[in-house]
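A quick write-up on the structure given underneath.
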Amino acid sequence: MSLIQSKQMENKENRERLLDAIQIFSDYFQKTIMLRSALCDDRKFLSVVQAHLNEEFGHNFKLMKDRKYRAPVWHPVLEATAAWFSWKMLTLDNDEKTVLIHLVLEASANIFFSAAHNVMRDYGETDYFEVHADADARHEQMGSELLDGLCAEKYVNLMTIQQQGWAMLNAACDQIAHLSTHS
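Numbering (the working numbering), first residue to last: 3 to 185.
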């Protein structure tokens, strides 16, 4: 968060590197929500999962176009932390997936993309953040009612999953910030 609000964003190369690094995470986010949708056969979750996929599908291509199709950056830490969320769609139950998608990824996007939009719109290089600034508050809340009425033990487990998700996301964001300011 501090990077997007810093004077370092005045440097065009830093902004380009930021978008290049975010492209990796954006591409994996698409894979994550597609995996969630493909593997969801629980009707309790299906309408939320499908509505979310419908609203998010293809947003990574918008960023790719704004970046003029430059090859994205590659770094093992960024790749591993971004891929972790996709992997979790193969191993978690639907309650746990809901926590990771909505209470970690969308909650962080709700905060970051609004701040990023406020900074990046001044440069006119991308409107990628604008779409998310408008939608992510709603996406954060999607499915929260599906987590009502669970047993105490399940909530303890969901808090562990949420903490792990935030730890992975923070590691990814730290790497994105580092890659944005170091060539």
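Even glycine gets a Cβ: it sits at the ideal position worked out from N, Cα and C.
Between the C-alpha atoms of residue i and residue j, what's the straight-line distance to the nearest angstrom?
{"i": "ASP124", "j": "LYS14", "result": "12 Å"}
{"i": "SER146", "j": "ALA109", "result": "12 Å"}
{"i": "ILE103", "j": "ILE35", "result": "8 Å"}
{"i": "ASP29", "j": "ASN62", "result": "6 Å"}
{"i": "ALA111", "j": "LEU65", "result": "15 Å"}
{"i": "LEU94", "j": "PHE115", "result": "27 Å"}
{"i": "THR83", "j": "TRP168", "result": "11 Å"}
{"i": "HIS77", "j": "ASN172", "result": "15 Å"}
{"i": "GLU98", "j": "LEU152", "result": "12 Å"}
{"i": "ARG17", "j": "TYR71", "result": "15 Å"}
{"i": "ASP150", "j": "TYR157", "result": "10 Å"}
{"i": "GLN52", "j": "GLY126", "result": "32 Å"}
{"i": "ALA118", "j": "LYS9", "result": "13 Å"}
{"i": "GLN7", "j": "THR162", "result": "30 Å"}
{"i": "GLU58", "j": "LYS33", "result": "11 Å"}
Can residue i and residue j be called in contact, C-beta distance under 9 Å?
{"i": "LEU148", "j": "VAL50", "result": "yes"}
{"i": "ARG1", "j": "SER185", "result": "Examination of residue 1 is not possible in this model, given that the chain is present from 3 through 185 alone."}
{"i": "LEU80", "j": "ALA174", "result": "yes"}
{"i": "MET170", "j": "MET11", "result": "no"}
{"i": "ILE113", "j": "VAL75", "result": "no"}
Pick from the options: whose alpha carbon is nearest that of residue i?
{"i": "LEU41", "options": "ASN96, HIS77, ASP129", "result": "ASN96"}
{"i": "ILE24", "options": "ASN112, PHE131, GLU98", "result": "PHE131"}
{"i": "PHE47", "options": "ASN120, LEU152, MET144", "result": "MET144"}
{"i": "LEU107", "options": "GLN10, GLN164, MET11", "result": "GLN164"}
{"i": "PHE31", "options": "ALA85, LYS99, ASN56", "result": "ALA85"}
{"i": "ALA73", "options": "LEU21, ALA53, GLU127, ASN120", "result": "LEU21"}
{"i": "VAL101", "options": "LYS70, THR183, LYS9, GLN166", "result": "GLN166"}
Please check the pair residue i and residue j, which I expect to be a contact at CB under 8 Å, by giving their CB distance rounded to whole angstroms.
{"i": "ASP44", "j": "THR128", "result": "ASP44 to THR128, Cβ: 36 Å. No contact."}
{"i": "SER182", "j": "LEU55", "result": "At roughly 29 Å, the Cβ-Cβ gap does not stay under 8 Å, so SER182 and LEU55 are not in contact."}
Please confirm if the segment 172-181 is in contact with the segment 89-96, defined as three or more CB-CB distances below 8 Å between the two stretches. Touching, no, given that fewer than three Cβ pairs across the two stretches are closer than 8 Å.
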